[in-house]
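In what follows, a structure is listed as structure tokens, so that the remarks can point back to it.
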Amino acid sequence: MKNKFTPSLYFLLSGIGCLLVWVLNLGLGSVAIPFTEIVSRILGNEFSKSSWEIIFLEYRLPKSLTAILVGISLSVSGLQMQTYFRNPLAGPFVLGISSGAGLGVAIWLMAGAAVGTLIPGIFGNAWMLFLAATSGSMAVLLLMSLAAWRVRDSMTLLIIGLMFGSLAAAIISVISFFSQAEQLKLFTVWSMGSLGSTGWNQLAVFFVATLIGVSPAMYLAKSYNAMLLGENYAQSMGVNISRLRWIMIISTGILTGCATAFCGPIAFIGIAVPHIARMILKTSDHRLLFPGSAILGAIVMLLCDTISQLPGSAQTLPINAITSLFGAPVVIWLILRRNFSKEF
Amino acid sequence: MKTPTPLVGKNLSLGYRNRKEIHEVANAISFEIQAGELTCLLGPNGVGKSTLLRTIMGTLPPLSGEMRICGKEVDAYSKEELSKKLSVVLTDRLQVGNLKAGDLIALGRIPHTGWMGRLGEKDLSKINEAIKATKTGYLRDFPTYELSDGQLQKVMIARALAQDGEILLLDEPTAHLDLVNRHEIMFLLRQIAQQEKKAVLVVTHDLEIALESADKLLLMPCGHPIISGLPEDLVIQGKLDTLLPNERLYFDQKSGKIKPKISSQPLNISGPSDLVPWVVAALEKSSLPIHTTPIKIDIESNPFHLVALVKGQKIACDSIEKLIIGFRQVMMSEG
Chain C
11 MKNKFTPSLY FLLSGIGCLL VWVLNLGLGS VAIPFTEIVS RILGNEFSKS SWEIIFLEYR
71 LPKSLTAILV GISLSVSGLQ MQTYFRNPLA GPFVLGISSG AGLGVAIWLM AGAAVGTLIP
131 GIFGNAWMLF LAATSGSMAV LLLMSLAAWR VRDSMTLLII GLMFGSLAAA IISVISFFSQ
191 AEQLKLFTVW SMGSLGSTGW NQLAVFFVAT LIGVSPAMYL AKSYNAMLLG ENYAQSMGVN
251 ISRLRWIMII STGILTGCAT AFCGPIAFIG IAVPHIARMI LKTSDHRLLF PGSAILGAIV
311 MLLCDTISQL PGSAQTLPIN AITSLFGAPV VIWLILRRNF SKEF
Chain B
10 MKTPTPLVGK NLSLGYRNRK EIHEVANAIS FEIQAGELTC LLGPNGVGKS TLLRTIMGTL
70 PPLSGEMRIC GKEVDAYSKE ELSKKLSVVL TDRLQVGNLK AGDLIALGRI PHTGWMGRLG
130 EKDLSKINEA IKATKTGYLR DFPTYELSDG QLQKVMIARA LAQDGEILLL DEPTAHLDLV
190 NRHEIMFLLR QIAQQEKKAV LVVTHDLEIA LESADKLLLM PCGHPIISGL PEDLVIQGKL
250 DTLLPNERLY FDQKSGKIKP KISSQPLNIS GPSDLVPWVV AALEKSSLPI HTTPIKIDIE
310 SNPFHLVALV KGQKIACDSI EKLIIGFRQV MMSEG
């Protein structure tokens with residue numbers, strides 16, 4: 011290879027980078043835990059302070075794992091959509107899946123308040139929130155699948171997805187208008203996104219869902235490579251387009267739905283990370299891009315979460331604001347470099 | 010055992026089937042395309058060439074009739090089997106950016122590799138053969154967005170070759186290309202057909218180059234059955250005029266070009282025979298009333314010089330442009 015920067019070097023460096031950022035993420039926060047302590051804790055020793063154990067095990071570790079899973083889910087689903095729709099601006103938001111999840115949560119928080127008075131304790135339960143978000147995203151997904159069944163053209167599908175998103179957002183505004191201030195605040199907080207509300211049980215579900223969502227993408231990497239030339243060429247190379255479309259919809263639906271359910275809508279990771287991965291790896295080969303984007307997504311989410319902790323302070327910024335602060339300039343910079351379409 | 014003809018269409022009716030209605034684009038289409046030959050499909054826009062391509066590719070089943078690929082009906086193939094028989098170069102705009110030309114060519118091996126897409130020894134040698142046949146080796150490490158249209162077309166042909174089917178379909182491969190590249194591409198395709206024993210079908214609007222390079226022509230005129238044959242035979246039989254429903258155009262056998270019919274009496278122009286047609290062509294194009302005005306033009310060569318008598322007034326000049334300007338001035342002064 012002429013190029014010194016080989017893919018294996020990328021994966022080595024990003025692997026090391028991911029571990030470093032992970033330790034950084036575990037150590038920083040309102041209570042700083044020395045990095046040496048964290049490394050020795052991971053290696054099986056005990057903390058010198060017992061309070062750290064609780065912070066570490068009940069809060070920091072699940073939160074960091076959530077960040078990793080969110081990063082993987084959103085980047086992989088973003089990459090799939092960008093290639094499938096042959097549109098560099100496609101991302102998990104575009105098919106309306108995130109908005110659908112938001113709608114589910116909005117309906118639950120407003121209408122659920124009534125149910126909550128009947129069954130005490132169910133309101134505000136994270137599991138119910140997850141159910142509401144997933145059913146919302148799955149509902150949009152189902153409508154999208156019906157549309158996909160009738161519509162052949164991927165651009166049309168993209169536009170329908172955008173319309174579903176707008177429709178969901180409109181219904182959310184109507185619901186917000188009629189809702190109580192307290193519930194509105196709950197919803198607003200959810201929509202700012204948070205990585206910290208996932209417990210170990212939910213994390214197990216999240217992990218399994220991510221695995222289910224990512225594996226078909228990896229398995230179909232070859233078909234995605236063929237899709238680079240467009241549907242017609244892919245078809246001429248033996249790719250079953252309708253099967254690929256279904257799998258893409260289901261995979262991105264699970265990945266985005268799950269991430270949104272647990273952590274709220276998280277912006278820009280799905281759009282920006284695959285572009286950065288393409289740029290660093292200098293390839294369009296999805297066999298490298300899928301793992302490359304996944305690991306980069308994990309790193310970026312861990313970094314964003316670390317920043318949102320405002321190291322040394324008790325405050326936590328909304329994660330969605332941080333990812334937007336990171337993602338929006340990246341997308342603008344990509345456009346200004348003018349090879350936005352070339353990188354693609 | 011005789012190998013079956015790569016492409017056979019029998020009494021095909023082509024078109025689109027909606028839930029309620031059937032929209033027929035073309036019917037009674039029968040043709041054969043042989044291995045080792047470059048066949049050019051010519052026909053006016055909208056006659057159903059693209060529909061025929063889609064039918065051959067298996068993406069649009071025929072309304073009726075038989076479409077056989079290597080002796081087997083297209084419907085009977087799985088997508089993967091078909092992709093090992095048939096590869097295509099389409100007019101779809103590419104948007105692949107980062108992909109290097111070499112990697113793009115390697116994509117042609119997709120039907121032959123496992124789910125990981127790992128290229129084996131046979132794959133690599135097929136890719137190398139395709140690159141050699143198209144002389145695209147020097148482009149291997151270029152990202153596709155840096156390629157010119159002509160280079161990109163050759164790379165796409167290499168990709169189709171690497172796919173290694175018996176049949177190669179190309180949809181207007183010479184559109185947007187300059188004259189040299191058009192010739193190069195068509196002769197490359199004929200070379201591929203002859204040397205690799207492939208059946209190559211090219212849809213094109215480029216009659217002149219098709220006449221020069223094709224082994225067979227398929228003419229798809231509006232409202233007539235398909236005509237096939239050697240290009241030269243079709244020229245002699247006057248069949249190429251079937252492509253021109255327009256009364257004002259005809260196919261000139263001498264020059265092998267499509268020309269407008271000149272309706273009125275010949276012009277009074279004398280001079281070297283290689284120069285007269287150019288002067289006539291320029292005058293025909295101008296809006297001047299050359300057939301209704303008494304004119305007489307003498308052309309001299311070495312150096313080029315024109316002497317014209319328009320309505321009794323003399324115009325002497327050294328370019329056709331000046332002649333036309335002078336002609337206009339005479340017409341103006343006459344009112």
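Top to bottom, those sequences are chains C and B.
Quick note: to get my numbering, add 10 to the position in the first sequence (first position is 1).
Quick note: to get my numbering, add 9 to the position in the second sequence (first position is 1).
Where is the CB? At the ideal position from N, CA and C, for every residue including glycine.
Remember, it's a predicted structure, so these values are computed and weren't measured experimentally.
Which chain C residues are close to residue 120 of chain B, counting only those with a beta carbon under 8 Å from its beta carbon? 247 and 248
Of all the CB atoms in chain B, is at least one closer than 7 Å to the CB of residue 236 of chain C? yes
For residue 122 of chain B and residue 133 of chain C, the rounded distance between their alpha carbons: Its pLDDT being 48, under 50, residue 133 of chain C is placed unreliably in this model, and the coordinates cannot settle the point.
Spatial neighbours of residue 300 of chain C in its chain, beta-carbon cut-off 7 Å, leaving aside the 5 residues before and after: 86, 89, 227, 228 and 231
Would you tell me roughly how many angstroms separate the C-alpha atoms of residue 261 of chain B and residue 279 of chain B, rounded to the nearest one? 22 Å
Which residues in the same chain have their Cβ closer than 8 Å to the Cβ of residue 230 of chain B, if we skip the five residues on either side of it in sequence? 52, 53, 56, 236, 251, 252 and 254
Determine the closest residue to residue 301 of chain B out of B:324, B:288, B:275 and B:17, with distance taken between C-alpha atoms. B:275
Could you tell me which residues DSSP pairs with residue 306 of chain B in its beta bridges? B:278 and B:317
Beta-carbon within less than 8 Å of residue 77 of chain C's beta-carbon, same chain only, minus the 5 sequence neighbours each way: which residues are those? 35, 205, 308, 311, 312, 314 and 315
Distance between residue 178 of chain B and residue 62 of chain B (C-alpha atoms, nearest Å): 8 Å
Mind pulling the alpha helix (DSSP H) runs of 4 or more residues that sit fully within the segment 277-327 of chain C? 279-291 and 296-318
Going by DSSP in three states, residue 174 of chain C sits in which element: helix, strand or coil? helix
Distance cutoff 7 Å, beta carbons only. Does residue 27 of chain C sit that close to anything in chain B? no
So residue 170 of chain B and residue 164 of chain B are in contact, right, with Cβ under 8 Å, and what is the actual spacing, rounded? Contact doesn't hold; Cβ gap of about 10 Å is too wide.
Distance CB(residue 200 of chain C)-CB(residue 115 of chain C) smaller than 7 Å: yes
Using only CA atoms, which one of C:318, C:260 and C:336 lies nearest to residue 155 of chain C? C:260
Cutoff 7 Å: residue 133 of chain B Cβ touching any chain C Cβ: no
Please classify residue 187 of chain B as buried or exposed, where buried requires at least 16 neighbouring CB atoms within 10 angstroms. exposed
At a Cβ cut of 8 Å, what residues of the segment 288-306 of chain C count as close to chain B, listed as they run along the chain? 288, 292, 293, 294, 295 and 297
Going along the chain, which residues of its own chain have a beta-carbon closer than 6 Å to the beta-carbon of residue 24 of chain C, five neighbours each way excluded? 305
So, using beta-carbon positions, are residue 333 of chain C and residue 277 of chain C closer together than 7 Å? yes
Closer than 7 Å to chain B by CB, residue 242 of chain C: yes
According to DSSP, residue 78 of chain B sits in a beta bridge with which residue or residues? B:16 and B:81
Report buried or exposed for residue 44 of chain C, applying the criterion of at least 16 other Cβ atoms within 10 angstroms of its Cβ. exposed
DSSP state of residue 343 of chain C mapped onto helix, strand, coil: helix
For residue 126 of chain B, would you say it is in contact with chain C, using Cβ-to-Cβ distances shorter than 7 Å as the test? yes
Since residue 229 of chain C meets chain B, which of its residues come closer than 7 Å, beta carbon to beta carbon? 124
Taking the alpha helix (DSSP H) that residue 217 of chain B falls in, what are its first and last residues? 216-222
Uninterrupted alpha helix (DSSP H) stretches inside the segment 192-274 of chain B (no shorter than 4 residues): 216-222 and 240-245
So, with DSSP's three-state summary, where would you put residue 26 of chain C? helix
Report the neighbours of residue 89 of chain B on chain C: residues whose CB is nearer than 7 Å to its CB, in chain order. 248
So residue 209 of chain B contacts chain C; which residues on that side make the cut at Cβ distance below 8 Å? By Cβ distance, chain C contributes nothing, its closest Cβ being about 15 Å from residue 209 of chain B, past 8 Å.
So for residue 149 of chain B, helix, strand or coil by DSSP? coil
From the DSSP output, which residues share a beta bridge with residue 322 of chain B? B:319
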